[in-house]
């Protein structure tokens, strides 16, 4: 995956009741860029933006073509993200603690 692909992601035009989709997408994009920049993941990680239904936006993460989980914005104001792996284990971290996010995803890959 290349950063140029992330640049093309577009915010959905949902009803205002679903919140600030522009800011939510920007937070997801920011974390996606960080993942691609992390040298241990850069060649093996794939990230797909998903809109499962109106109001729900997430990133599906794949490592060596195997799905490892999904990432959601849990609290936009606090910049908190939630990672849910394939075994439904939940981990939460704020975007400023990038190393914790990397650690959570790395642990999921090593399972």
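Residue numbers (my numbering): 295 to 405.
From the three backbone atoms N, C-alpha and C, an ideal C-beta is built for every residue, glycine too.
Roughly how many angstroms separate the alpha carbons of residue i and residue j, rounded to a whole number?
i	j	result
residue 321	residue 372	11 Å
residue 397	residue 347	29 Å
residue 402	residue 385	10 Å
residue 316	residue 305	6 Å
CB residue i to CB residue j, shorter than 9 Å?
i	j	result
residue 319	residue 303	yes
residue 349	residue 355	no
residue 289	residue 365	For the chain, the structure presents residues 295 to 405; residue 289 sits outside this window and is missing.
residue 387	residue 375	yes
residue 359	residue 380	no
residue 370	residue 314	yes
residue 331	residue 357	no
Within the continuous alpha helix (DSSP H) that includes residue i, where are the two ends?
i	result
residue 325	315–331
Specify, as a first and last residue, the run of the beta strand (DSSP E) that residue i falls within.
i	result
residue 347	339–347
residue 356	350–357
Check whether the Cβ of residue i sits closer than 8 Å to any heavy atom of the ligand GDP, and report yes or no.
i	result
residue 385	This structure lacks the ligand GDP, and indeed carries no ligand of any kind.
Task: Meets three-Cβ-pair contact criterion under 8 Å: the region 385–397 and the region 321–330 - done: yes
Open item on the list: Please give the ranges of any beta strand (DSSP E) in the region 367–392, keeping only runs that are unbroken, at least 3 residues long and fully inside the region.
Closed with: 374–379, 384–388
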